[in-house]
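Protein chains in written order, with my numbering: chain A, 1 to 304; chain B, 1001 to 1252. For glycine and all other residues, C-beta sits at the position ideal for the given N, C-alpha and C.
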């Protein structure tokens, strides 16, 4: 099942929350990446039917996201930290499960499965008021998973979770994605998304800047500066030759490897290939240092 | 079947949370104050039963119906949705596959046993404390008291879906609109719910010698009954409509 945004605009009075957004979220994990206030939460609220688009349409499969029919098809983990504090984690997840209309027996079974899935079984009888932030995040995830929805909308699900817990949650989401679920995860922490998501939607000031895999997005930015590390024999001689190339902006020798900053990556790699072949350099390692999400996002935001 | 089960779960969940809320304790203070007042006045020991009935009825009309019923109704009526809204837990309900008007209806239904039960129990207690005049008042006024409670609960649900800090607004409404405007001479008191309740109470008590103030001009009992039913049903329907269309941006 697919989540689709079709030319969606959302106004908050005179302020525009998201602006003419179109995208499809299919099976796999999609990271929704943007700074605070970029429009990530607005997009997730539109997808979960809490907000109505001012223009355009948001659909969960064949249903409009606002409709109650759509709500059976997704699980939602909000970024708020509020619960029925008087309940235990188990009671809360059970109550939320019953709100899908399951019988008591089925709701109990589903509750136990979901709680086990998020690794909360031994701690599920603790009152939510006394639970740590990480435990509360897991309970939020459990209530989103409990009806086995084809779409998961997770707003900052990793915030406040320790590194070990993050790994567990990443593995859990990967398992869900393997089952063919479409998972939209928002975060403002680029590293989180880079480790977790197959594809990324980058958003800034209510507009989608780019979408695709990080590598695909990086390719779109061919004319943006790139830093490349080259480990080769005779690094000083290679540096002297590279310095003559007009595509090279700077060269630094770092731990017997060259760190080259180029302003035209495609032409630089072509020139580097020629130099290596003509001069018989042996290149042991060639890697781009800033093709990660941070750098890509920085470039995109700068050009937006 | 599934929807029905989900809806009943929501009714039960809302009822349970309201029952064990701080509001239940808070509301017991003014209600206990009323009981202490009646214990001190000892209407049951007055020799002139008609005079005692008149005095007890005035207590019911000016204190119980005009102040305590609105306070009981708002304690649960605004909290049923307003509490979830202020705690942001409403979000967890809005993303479940229950149509929004049905969510509000579930909240209303969950509120009724508490608000109506508390008002009816308090009314029963007060009437017992008042002795013979109380027994008479119980027979005459109980339907009106219940109708007023329904009307207030419906109205305060409308407040809760329309405004974020509905409890404060409802308090201001209960004190200014109901208590002050409801006691002003002229047509302006018709905007107060208790005007219709009092019209019914004066009409019911007239046969037992209950006299009304000169400045109070009641409407007919049938018109007052329809008005209370209209306020209860109309407020609920309007609240369901508003709730269905409203975006709650304050939830995150």
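For residue i, which beta-bridge partners are listed by DSSP?
i, result
"residue 76/A", "153/A"
"residue 176/A", "In DSSP, residue 176/A forms no bridge with anything."
"residue 1193/B", "Answer by DSSP bridge pairing: none, since residue 1193/B is not bridged."
"residue 11/A", "16/A"
"residue 310/A", "No answer is possible for residue 310/A: it lies beyond the span of chain A, which begins at 1 and ends at 304."
"residue 252/A", "259/A"
"residue 202/A", "33/A, 210/A"
"residue 1165/B", "In DSSP, residue 1165/B forms no bridge with anything."
"residue 58/A", "5/A"
"residue 185/A", "31/A, 154/A"
"residue 64/A", "59/A"
"residue 23/A", "5/A"
"residue 226/A", "262/A"
Leaving out five residues before and five after residue i in sequence, what residues of the same chain have Cβ atoms less than 7 Å from its Cβ?
i, result
"residue 247/A", "262, 263, 264, 267, 268, 271"
"residue 1203/B", "1218, 1221"
"residue 1230/B", "none"
"residue 305/A", "Residue coverage of chain A in this structure runs from 1 to 304, which leaves residue 305/A outside it and unanswerable."
"residue 149/A", "73, 74, 75"
"residue 187/A", "31, 33, 156, 158, 193"
"residue 52/A", "66"
"residue 1266/B", "Within the shown structure, residues of chain B are numbered from 1001 to 1252, placing residue 1266/B beyond reach of any answer."
"residue 239/A", "251, 253, 258"
If I measure Cβ to Cβ from residue i and keep anything under 6 Å in the same chain, skipping five residues before and after, which residues do I get?
i, result
"residue 287/A", "229"
"residue 54/A", "9, 10, 11"
"residue 111/A", "93, 94, 97"
"residue 1201/B", "1061, 1141, 1144"
"residue 57/A", "6"
"residue 59/A", "4"
"residue 1243/B", "1100, 1104, 1161"
"residue 1212/B", "1202"
"residue 42/A", "10, 17, 18"
"residue 124/A", "89, 90, 115"
"residue 279/A", "none"
From this set, the options, which residue's C-alpha is nearest residue i's C-alpha?
i, options, result
"residue 190/A", "5/A, 278/A, 31/A", "31/A"
"residue 1064/B", "1216/B, 1209/B, 1198/B, 1233/B", "1198/B"
"residue 146/A", "279/A, 198/A, 72/A, 46/A", "72/A"
"residue 1151/B", "1102/B, 1094/B, 1234/B, 1173/B", "1234/B"
"residue 152/A", "142/A, 277/A, 237/A", "142/A"
"residue 162/A", "136/A, 40/A, 14/A", "136/A"
"residue 1240/B", "1045/B, 1093/B, 1033/B, 1104/B", "1104/B"
"residue 213/A", "119/A, 243/A, 198/A", "198/A"
"residue 3/A", "121/A, 179/A, 28/A", "28/A"
"residue 282/A", "232/A, 245/A, 275/A", "232/A"
"residue 1082/B", "1044/B, 1107/B, 1072/B", "1107/B"
"residue 21/A", "277/A, 209/A, 236/A", "209/A"
"residue 1030/B", "1207/B, 1075/B, 1223/B, 1148/B", "1075/B"
"residue 1046/B", "1011/B, 1134/B, 1006/B, 1190/B", "1134/B"
"residue 1206/B", "1179/B, 1184/B, 1146/B, 1136/B", "1136/B"
"residue 1149/B", "1069/B, 1171/B, 1180/B, 1170/B", "1069/B"
"residue 24/A", "184/A, 79/A, 82/A, 132/A", "184/A"
"residue 79/A", "245/A, 91/A, 44/A", "44/A"
"residue 1034/B", "1210/B, 1119/B, 1227/B, 1163/B", "1119/B"
"residue 133/A", "117/A, 50/A, 166/A", "166/A"
"residue 1067/B", "1023/B, 1121/B, 1192/B, 1049/B", "1192/B"
At a cut-off of 6 Å, would you count residue i as near the ligand COA, judging by its Cβ distance to the nearest heavy atom?
i, result
"residue 1123/B", "With respect to the ligand COA, the structure offers nothing, as it holds no ligand at all."
Sorted by chain position, which residues of the same chain lie with C-beta nearer than 8 Å to residue i's C-beta, five sequence neighbours on each side aside?
i, result
"residue 1138/B", "1123, 1124, 1127"
"residue 243/A", "251"
Could you run through the stretch 96-108 of chain A and flag, in chain order, every residue whose CB is less than 8 Å away from some CB of chain B?
-> 96, 98, 99, 100, 101, 102, 103
Chain-ordered residues of the stretch 1094-1108 of chain B with a beta carbon less than 8 Å from chain A | 1094, 1095, 1096, 1097, 1098, 1099, 1100
Near-chain A residues of the stretch 1064-1095 of chain B (beta-carbon distance less than 8 Å), N- to C-terminal order | 1087, 1088, 1089, 1091, 1092, 1093, 1094, 1095
Report the residues of the stretch 35-53 of chain A with a CB closer than 8 Å to any CB of chain B, ordered along the chain.
-> 41, 45, 48, 49, 50, 51, 52
Proximal residues, the stretch 1012-1041 of chain B versus chain A, C-beta separation under 8 Å | 1013, 1017, 1020
Can you find at least 3 beta carbon pairs, one from the stretch 1032-1047 of chain B and one from the stretch 121-136 of chain A, that sit closer than 8 Å?
-> no
The stretch 180-201 of chain A: which residues have C-beta closer than 8 Å to a C-beta of chain B, in chain order?
-> none
Determine, using beta-carbon pairs with one atom in the stretch 57-70 of chain A and one in the stretch 1094-1108 of chain B, whether at least three such pairs fall under 8 Å.
-> yes
Can you find at least 3 beta carbon pairs, one from the stretch 1110-1119 of chain B and one from the stretch 1018-1025 of chain B, that sit closer than 8 Å?
-> yes
Output, in sequence order along the chain, the residues in the stretch 1115-1148 of chain B whose CB is closer than 7 Å to any CB in chain A.
-> none
Interface residues of the stretch 265-295 of chain A facing chain B [CB-CB below 8 Å] | none
Contact the stretch 1051-1058 of chain B vs the stretch 1155-1167 of chain B: 3+ CB pairs below 8 Å | no
Listed in chain order, which residues of the stretch 2-29 of chain A have Cβ atoms closer than 8 Å to some Cβ of chain B?
-> 12
If contact means a Cβ-Cβ distance below 8 Å, which residues of the stretch 1162-1186 of chain B contact chain A?
-> none
Members of the stretch 155-166 of chain A that neighbour chain B once the beta carbon cut-off is set at 7 Å | none
Please list the residues of the stretch 71-82 of chain A that have a C-beta atom closer than 7 Å to any C-beta atom in chain B, keeping them in chain order.
-> 71, 72, 76, 78, 79, 80, 82
Cβ-based contacts, 8 Å cut-off: residues of the stretch 1223-1248 of chain B near chain A | 1247, 1248
Of all the residues that make up the stretch 53-69 of chain A, which are near chain B by a beta-carbon distance shorter than 8 Å?
-> 68, 69
Interfacial residues, the stretch 1196-1226 of chain B to chain A, with Cβ spacing under 7 Å = none
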